[in-house]
Amino acid sequence: MQEAFKGAENNPILIDRFINNAMEVDVDAISDGKDVFVAGVMQHIEEAGIHSGDSACCIPPVAIKKELIDEINNQTKKLALALKVKGFMKSSLQLKMMKFIL
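Just so we're aligned, residue 1054 is where the sequence shown starts under the numbering used here, counting upward by one.
Now the structure itself:
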C-alpha cells in the first residue's frame, strides 16, 4: 500500500473489495447540491467484480425487488447530498442476500 501511495502522490486511489457470490449494481445520478435525480439503476448479470464494460447488464434490474431499488435510490440521494455532489455521480454497490453494501 505504501508503494501505491508513493506512486499516486496527490492523485486519488481506488480501493475495492469484492464479496463472493454478490451481485453488482451501478447507479447513475446527478445533483445540483440540493436536489438529486437518480437516472438509472443497472444490474450486472455476472458476479460482482466484472467491469460493467465487460459484463452483460440490464436496465431496469430484473432480479431486484422494487423495495430494494427504492432503498438504493434513497441511499444514493443521501450519499450525494452528504458528499455535496454537484454534477454527475456513479456508485457501484454489491448486493448479497438482497441487502446492499457500499
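Glycine included, C-beta positions come from ideal geometry on N, C-alpha and C.
Alpha-carbon spacing of residue i relative to residue j, whole angstroms
i, j, result
"Val1089", "Glu1120", "19 Å"
"Asp1081", "Lys1087", "17 Å"
"Ile1125", "Ile1083", "15 Å"
"Cys1111", "Ile1098", "7 Å"
"Ser1108", "Asn1074", "15 Å"
"Gly1093", "Met1142", "11 Å"
"Val1138", "Asp1085", "7 Å"
"Gly1140", "Leu1134", "11 Å"
Supposed contact pair residue j and residue i - C-beta distance, whole angstroms, cut 8 Å
i, j, result
"Gln1096", "Val1115", "7 Å"
"Val1091", "Leu1148", "The Cβ separation is near 16 Å, so there is no contact."
"Ser1144", "Leu1136", "Between Leu1136 and Ser1144 the Cβ distance is about 10 Å, and since that is not below 8 Å, they are no contact."
Where residue i falls: helix, strand or coil (DSSP)
i, result
"Ala1092", "strand"
"Ile1083", "strand"
"Ile1098", "strand"
Delimiting residues of the alpha helix (DSSP H) encompassing residue i
i, result
"Leu1132", "Lys1119 to Ala1135"
Residue i - containing beta strand (DSSP E), residue span
i, result
"Ser1108", "Segment: none, Ser1108 is in no beta strand (DSSP E) and carries neither H nor E."
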